[in-house]
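Novice: Quick note: the sequence shown uses the numbering used here, first residue 25, plus one each step.
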Amino acid sequence: MAERYDYESLGADAFHQLCQALLVAHNPNVQCFPVGMPDGGRDASAPRGRVADAIVYQVKFRKPTPNKLANPDEIANWVISALEGEIEKVQELASKGAEQYVLLTNAQCSSHPDSGTRDRVQAWLSEKMPIPAQVWWRDDLDRRLDPETEIKRTYGFIREITGLAELLGLRDPGADDKTLIKIARGDQRVSALMKCMAHQYERDRVVKFKQAELEPQLLDVFIDVPLAASAIERPFYPGSAFTRFADSRLVSSSHSAVEEKWAGLLSGDITTAFMTSNRTSGRPAASVLLSESMVGDDAPSSSRIVLEGAPGQGKSTVGQYVCQAHRARLLGNNSQINRFSAEHRSSPIRLPFHVDFRDLAAWLRRRDPFDITNDGAPEGWSDTLEAFLAAQVRRYSGGLRFSVSDLDAVLRATPAILVLDGLDEVPDLNDRRAVVSCVNEALNRIEPFSPSFRTMASSRPSSFSKTPGFSKREWTYFGLGDLPLTLVLEYTDGWLMSRRVTHQAAYEIRQVLGQKLGQPHIVDLARNPMQLAILLWLVRKKGPSLPDKRTALYREYMETFLDREAEKSSIIRDERELILDLHGYVAWELHCLAETGDSNGSIAEPKLKALLKKYLQLRGYKKKKLELVDQLFTGMTDRVMVLTSRVQNTFEFEVQPLREYFAARYLYSTARTSSPGAERSGNRSERFEALLRNPYWWNVTRFYAGFSDVGELANIVDLLEDLIKSNGDYSLISYSREVALTLLRDQVFSQKPRSVSRVVDLVSSEESVALLGSITRGLGSSVLSLPFDSGGEEIVERMRTRIEKGVASGLLDFDAARLLAENSESALIVDWWYDKWSHARNKRARRLWFFVGKSMDLFHTLSPSQGEEVFESIGNDTNLWHSILQPDVRLPPSVGETNFDSFLAAFRAGVQLNGTLDAPQQSAPALCTEIASLNSLSYLMHVSDGLLPRGRRRLLPFYNIREELEDEGKHSALLRRLVEAASIVQSSTNTKNKYSLWVDFHEALTDAIGGKCQRTLAMAAFLGEVRGGNISRKVAGGLFDESISPVLRARYARQRRLDRGWWADQLKDIESSDDAFFALCCILRWAPPSVLMENEKRLDKWIRGFDAYTLYIIHSMASNAWIRPGTEPDPQWLTRSTAGMLYLASTQMDKNTSITTLNRIAKSCRDQDLKALISAARLAILLRSPNKEWADSLDDFSDSFASCQPTTPIHPMRYNFARTGGIDISTCREILRHSHELPPVLRHMANEILTAEVAAKATTLANASTRQEWFDQETLD
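1. Between the beta-carbon of residue 522 and the beta-carbon of residue 771, is there less than 8 Å?
2. Contact defined as beta carbons within less than 8 Å: I believe residue 336 pairs with residue 553. What is the distance between those atoms, to the nearest angstrom?
3. Suppose you measure from the CA of residue 1047 to the CA of residue 1113; what does that come to, to the nearest Å?
4. Could you tell me which uninterrupted alpha helix (DSSP H) segments, each at least 4 residues in length, are contained entirely in the region 340-423, listed from first to last along the chain?
5. CA-CA distance, residue 687 and residue 221?
6. In three-state terms, what does DSSP make of residue 627?
7. With distances taken between CB atoms, is the gap from residue 4 to residue 1069 smaller than 8 Å?
8. Can you list the alpha helix (DSSP H) stretches of 4 or more residues lying completely in the region 146-194, in chain order?
9. Ignore the nearest five residues each way along the sequence and tell me which others in residue 439's own chain have a CB closer than 6 Å to its CB.
10. Do you know how far the Cα of residue 1036 is from the Cα of residue 1082?
11. Under a Cβ-count criterion, where at least 16 other Cβ atoms within 10 Å of its own Cβ denotes burial, should residue 734 be classed as buried or exposed?
12. So, is residue 990 buried or exposed, given that buried needs 16 or more other C-beta atoms within 10 angstroms?
13. Please identify the residue among 133, 70, 104, 537 whose C-alpha is closest to the C-alpha of residue 95.
14. Among 650, 907, 861, whose alpha-carbon lies nearest the alpha-carbon of residue 893?
15. Is the distance from the Cβ of residue 558 to the Cβ of residue 578 below 8 Å?
16. Can you name the residues that DSSP bridges to residue 329?
17. Can you grab the Cα-Cα spacing for the pair residue 1075 / residue 55, in whole Å?
18. Taking the alpha carbon of residue 1064 as the point to measure from, which residue in 1104, 1034, 1052 has its own alpha carbon closest?
19. In whole angstroms, give me the CA-to-CA distance for residue 616 and residue 641.
20. Note down, in chain order, each residue of its chain lying with its Cβ closer than 8 Å to the Cβ of residue 717, except the 5 sequence neighbours on either side.
21. Since residue 711 and residue 695 should fall inside the 8 Å C-beta cutoff, what is the C-beta to C-beta distance between them, to a whole number of angstroms?
22. Could you give the distance in angstroms between the alpha-carbon of residue 524 and the alpha-carbon of residue 564?
23. Output the distance between the C-alpha atoms of residue 357 and residue 196, rounded to the nearest integer angstrom.
24. Can you tell me whether residue 867 is buried or exposed, with buried defined as 16 or more other CB within 10 angstroms of its CB?
25. Please report the straight-line C-alpha distance between residue 458 and residue 408, rounded to a whole angstrom.
26. Leaving out the 5 sequence neighbours to the left and right, which residues in its chain are closer than 6 Å to residue 23 when beta-carbon positions are compared?
27. Can you pull the DSSP bridge partners for residue 895?
28. Straight-line CA distance for residue 708 to residue 769?
29. Cα-Cα, which of 647, 1030, 1291 is closest to residue 1002?
30. For the alpha helix (DSSP H) containing residue 879, list its first residue and its last residue.
31. Do residue 1100 and residue 1123 count as a contact pair if the criterion is CB distance below 8 Å?
32. Assign residue 569 to buried or exposed, taking buried as 16 or more other Cβ atoms, counted over all protein chains shown, within 10 Å of its Cβ.
33. Which residues does DSSP list as the beta-bridge partners of residue 47?
34. Does the distance from the CB of residue 435 to the CB of residue 414 come in under 8 Å?
35. For the beta strand (DSSP E) that contains residue 445, what are its first and last residues?
36. Assuming residue 796 contacts residue 760 under a Cβ cut-off of 8 Å, what Cβ separation, rounded to an integer in Å, is found between them?
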C-alpha cells in the first residue's frame, strides 16, 4: 500500500522541521530547538507550570531501506537501538523536572497485540525510561498532519484534486477524503483549474527546443542551471553576500555516478579549459524558485524575480520545469512525480500560472492569443493580467466557466506562482511598456490579499532590448550562469539515456566529447544548454568532426538534420536549398514584425502560405512551382520542425535563436556584392553596420558575422573601430565593447590573427576596460572571457602590464585585474602574482599587490608555504582582514591556527559589521543574529574543515553544528560559541519585543569573542531598535555604566534622543575611545545634529584619532533618515568641525540642500577618509535627486575616488547605491567620457541609461532595408 505522505523524500533535517511544525500547530507553547545542534535529547519541549522542559520531544528519522521492505522486527530493533542512546539524556532531563518523553519517527509500526512493533517498543519504554514515554509512529504523524493544510503544502504533500480543493478551503472540519472528492468534483473552479493544468502538463512534457532529436522529454534532459546574482542597482548589502556563499555549492546526488561513467574519458586539458575564467556559480535556479523564500530575506523583494539568460541558456526551460513540478503533484501523477528530485518533490506547493509575454502583449492589443484567426476582441476582454489569466484557464480547460472573480477567490485562498516568459520577445517599446505596467499593476492588486504569491519573469539581459523593464528596486534580478563541467556531463548522460543509445555507442560519444571538451572553443559552446544539445546531436551523427564556431555549429546542425530528413521525404531531397531559403525569408519577415510589435513571432497559416507564394513569385518561379506551396508548407512544418505550431493554425520558430540564425543567413546570402568605385547599397558591409547599431538584432549580428569569409574580416574590424572610436553615443557605452568581445569569443576572427589583434586593441584601451569593468550583466555571464587563441593570450599580457604600471604608480586597477582573472586560469598566473607581491619595493606596494591577488581570487591556489607567508604578513591590518573575510573569497590551505589571534582581533574590531548595517529593510534582530553568527563564516568554515554540514540545500537562519565535532581548534571553538549565542535568539519566538532575550544574546556574544569591543558596542547600539516599551533611568543607568548591559543603555539613549541636556551630561563622562565610539554610534543613529554641534569639542579629538575603518563603522550606524526642515546644521559648523563632517558623511540631506554647498564643504575637508565618505554621501543624494548640478560634482568625485584607492579599500564609493531618481542624458555622456576616473556605480548607471536611450532610438531593420534599398528583383535572383 502506498504511503500517505512521503516523509522519506524530505531527508532528516526537513523531517525534523516538519515534526516541529506539527507540534507547534497543536501547542503554540512548544519551543523548538535548532536542527543538528547538540540538544541534550530535545528537538522540542513544552512547558508545564514552572518547568520549561516538562514534555520533551525527540525526532528520529529512518532512512528508507533500498529495494526491500523492512519487517517489524527490524523496525523495532532500530527504534530500541536509537532509544538506548537517549536513556542517559532523558534521566538528566527528568532530574530537572521533565515529566514525559515522546519520540516522533517516520517508521511504520504494526499493531498486533503484544508481538507488534508498537507494543514491543512501548513495553521497552515502560521498563527502561525514568518517566512516562511513548512513540508517535508514522500513522500518528499522518493523523496529526491530515488537517494541517499549510504544513502539508509547505512540505509538498498536497496531492490530486483533493489537494487543490483543500488549498481552496473546501474541506469542512471533520470531512473525510471521499466527502472532499465529492465537493471538489462539484466545484467549477476546481474542475477548470485541474483540466487547465492537465492540458499544460501534457503540452510542456517536451522541451521547447525539439529539433535536436525527436521530442525529448523535459524530465529526461533537464539540468538545474546555476544562478549568478546580477545585483542590478541593488544597494550594497554585505549581509546578502553570505546568502550567495551559502548557496554557492552546487549539490548533485549523482556527481559520483557521473564521475564513474566518465572515468578515463576526459582529456587532461579539460579542467584548464573549464577553469579559464573566474566564474562563480550560484544555487541551482529551479531550486531557488521552488523554495519557500525564493531568494532570501536580504533581497529587495523575495516575491518578484527576473531571471535573465543569454539565448539558449535555459531560462524558459527553468520556468517550464518549475510549473511542471507543481502541476505533477497537484494532478497526482505519481509516475511523473517520482521523476523529480527528492528536494523538488518535497518543496512547497503552489498553484502555477504560466504566461507567455507575447500572448499577454497580443491580449492587451485586443487580440485573442489563443485564436489568431479571431479578428475581434476576445471574450471577457479587459486590459488586466487577471482577465488574461481567467481567459487562459477557460481556454485550456476546454471552455469551462472561469471568471476574474473566480481567479480572485482562488488567489486569495491559494499560494500561487506566476511564471512570465520571454519579455525580450516583446521588442516594441509601447507593447513592452504596456505588459510591464499591466503586470506591475496586477501584482500590486494581488499580493496584499494573496498568501505568499510569487512571480518569476524571464528575459534576455535588457541591454539588448529596448526599455522599459521591471524596476530593479521592486524586483530581484538573477542571471543564469554557465554550465560547469559536472552539469555538462550530467546533461550528456541524460541525453544519451533519453535516446536509448546503446552502451557501446554511448561510450563512443562520451569519448569524443571528452576529448573535444579540452578545447576552449568547444567549451564555450558546451556551456550553453541549447548549444550543448546541438553538439551532442552532431557528435552522434558525425563523430569527432565538429565545428568550432557558433554559426558553423548551427549551420552544420541544419545540414545534418536535412540529410536525415532527405532520406524520408522527396520534397526535402529535391527542394533542399529552396526550403532553407524560405526559412530565411520567413525568419527575416517575422523578426522585422516582432521588432515593430506587429507580431509576437508567430504567423497564421493563411498568411504563411501567402508569404511563401510572395517569395516564390519574387524569385520568378512559374505557376507549376507555385503549386508546390502546399508541399513546401508541409515540408517546412511537419517534417523539418523548425517552424512549429504552438497555437492552432499558427506557426513560428520554436525558439528565437533559430529564427535569428535563419534571418542572419538570409541577410548574408542575399547581400549585394560591392567594389571600390562601384559601390552598391545593400552590400554585406552596409547590412552588418545596420545590424551593429540595433541591439534588438544583436544575436542576428553574431550569426551574420559568423558567416563572413576571411576577406571580409578586416571590414568587420573597420566597422567596430568606427563604432567605438566615433564621436557618437556608441563610442561611450559598453555595448560596443561587448560586441567586440563577443565576436572574439565566437572565433569570428580566428582565421586572421591580425584582425584579432586589432579588436583586442579596441577592448583593452583604458576607457574600454573601465566600461567593461562596470558590467554586472550583459551578453552572458562570461562576456569578459576570451579563448586563448582568439584574443585571450593578448589580453592577459596587456592586463599584466597595465596592473604592474598601476601598482608602480600607487594605483589599484580592479578593472584590469578582473579582466585578467576572467582570461587566465588562476594556477597559471599565481606564480607571476606571488613574484610581484614578494618583491614589492615597499609596504604600500605589497599591500596593493595583496588586493590584486584578492580581486583575482588567487589565494586558494597558493602553495602552503606561499599562503603562510602571505597571510602572516596581514598581521592586525583590519582593512586587509575585511577584504579576505568575504563569503566568496577562497583561502589557501595553510590558513589556520597560526592566524587565529590576528583574525580574532580583526573580528572584534568589526570586520564585516559595517556593510551589514546598510540594509535598511532588515529588522534589528535579523541583522544582529547575522552579524553574530554568519560574518566571517567562510573563513571559520575553511579552517574548521568538517565542522559544518556539507551540501545543505535549504536556507536556514544559521548553519548548524553537528553533534559529533572532531575539530577542537581555536577557530572551531569560536564558531561553536558564536552559533550557540545565536541559538538563544533562534530558539525563541517574538524576538522583536524581548529585551531580556537580546541582553542574554549580547552577553553570550561578548563572552564568546573575548569581551567588549567595537563589534559588541556597535551591535548594542543597533539593538536599541528593539521594541518592547520604554525602560526607566534606574534600569538603564548612564550611557557608560559598565554594570548595565549596553543593550539597555542604547535603548534608553534612543528614548532620550531629543534631550540635548541628557546628552551633554553623558558625554562629559567619555574616558576612552570605546566610550566615544559607542556614543557616536548612538548619536548618529538617533540624535539631531544639535547634539554633535553642542559637544563638538569633546567629540572632535576622539574622531580625529579613529582610523578609516572605525569611521566607516560609525558612518554606517547612521539612521539614514532625511534631515527634517528646520533642523539643518549650520554650514560653518560642518566646515570647521570633524564631528560635523562625519555627520554630513553619514546622513542623507534634505532634497533641497544645495549641492554646491556640499561640494564646498567637501573640498574644505583635509581628512582624506572623511572627504571620501562625504563624497559618497553626496553621490547618494544626487542619485536620488535627478539633474542636481552634476557638473560641479564630477571633478570632486574623481578626486575623491582616486585618493581613496590605495588606502581605503572598504570605501563606500566602491559600493552600489540604490537609484530612485535619474541622471540626465548629457550628464551620462560626461560621466562616460571620463569613465576610468569615476566610481563604478556612476559608470554603470550612466552606461545603462545611455544604452537604453541608444536602443530606443535605433533605426528598425525594416526601415533601414527600405531606405537603403537592400532588396530588389536582382537581389532575389
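Heads up, the beta-carbon is just placed ideally off N, CA and C, and yes, glycines get one too.
Specialist: For this structure:
1. No, these two residues do not count as a Cβ contact at 8 Å.
2. That belief holds up - the Cβ atoms of residue 336 and residue 553 are roughly 6 Å apart, short of 8 Å.
3. Each residue's Cα considered, the two are about 21 Å apart.
4. The DSSP assignment places 358-361, 366-369, 381-388, 409-420 as complete runs of the alpha helix (DSSP H) inside the region 340-423, in order along the chain (cut-off: 4 residues).
5. If I take the Cα positions, the gap works out to 35 Å.
6. Secondary structure at residue 627: strand, using DSSP grouped into helix, strand and coil.
7. Residue 4 cannot be examined here, being either before or after the span of the chain that is shown, 25 to 1301.
8. Segments of the alpha helix (DSSP H) lying fully in the region 146-194: 162-169, 173-178, 184-191.
9. Short of 6 Å from the beta carbon of residue 439, and not among the five residues preceding or following it, lie these beta carbons of its own chain, in chain order: 374, 475, 476.
10. Each residue's Cα considered, the two are about 27 Å apart.
11. Exposed, by the Cβ-count rule.
12. Only weak support is given to the placement of residue 990: the predicted model assigns it a pLDDT of 43, under 50, and the question is left unresolved by the model.
13. Sorting 133, 70, 104, 537 by C-alpha distance to the C-alpha of residue 95 places 133 at the top.
14. Nearest of 650, 907, 861 to residue 893, Cα basis: 861.
15. Yes, the pair counts as a contact, with Cβ atoms nearer than the cut-off.
16. DSSP lists 480, 500 as partners of residue 329.
17. Approximately 27 Å, taken between the alpha carbons.
18. For residue 1064, the closest alpha carbon among the candidates 1104, 1034, 1052 is that of 1104.
19. If you draw a straight line from the Cα of residue 616 to the Cα of residue 641, it is about 21 Å long.
20. Within the same chain, and ignoring the five residues on either side of residue 717 in sequence, the residues whose Cβ sits closer than 8 Å to its Cβ are 747, 754, 1282, 1283.
21. Contact between residue 711 and residue 695 holds, since their C-beta atoms are separated by about 5 Å, short of 8 Å.
22. C-alpha of residue 524 to C-alpha of residue 564: approximately 12 Å in a straight line.
23. The straight-line gap from Cα to Cα measures roughly 25 Å.
24. Exposed, because fewer than 16 other Cβ atoms sit within 10 Å of the Cβ of residue 867.
25. Here the alpha carbons of residue 408 and residue 458 stand approximately 10 Å from one another.
26. With the chain covering 25 to 1301 only, the question about residue 23 has no answer from this structure.
27. Per the DSSP secondary-structure output, residue 895 pairs with nothing in a beta bridge.
28. C-alpha separation (whole angstroms): 22 Å.
29. Minimum Cα distance to residue 1002 is reached at 1030.
30. Looking at the DSSP string, the run of the alpha helix (DSSP H) that includes residue 879 is 867-879.
31. Their beta carbons are under 8 Å apart, which means residue 1123 touches residue 1100 by this criterion.
32. Flag for residue 569 reads exposed.
33. Partner(s): none; residue 47 has no beta bridge.
34. Going by beta carbons, residue 435 and residue 414 fall outside the 8 Å limit.
35. Where residue 445 is concerned, the enclosing beta strand (DSSP E) stretches over 440-445.
36. Rounded, the Cβ-Cβ distance is 11 Å, inconsistent with contact.
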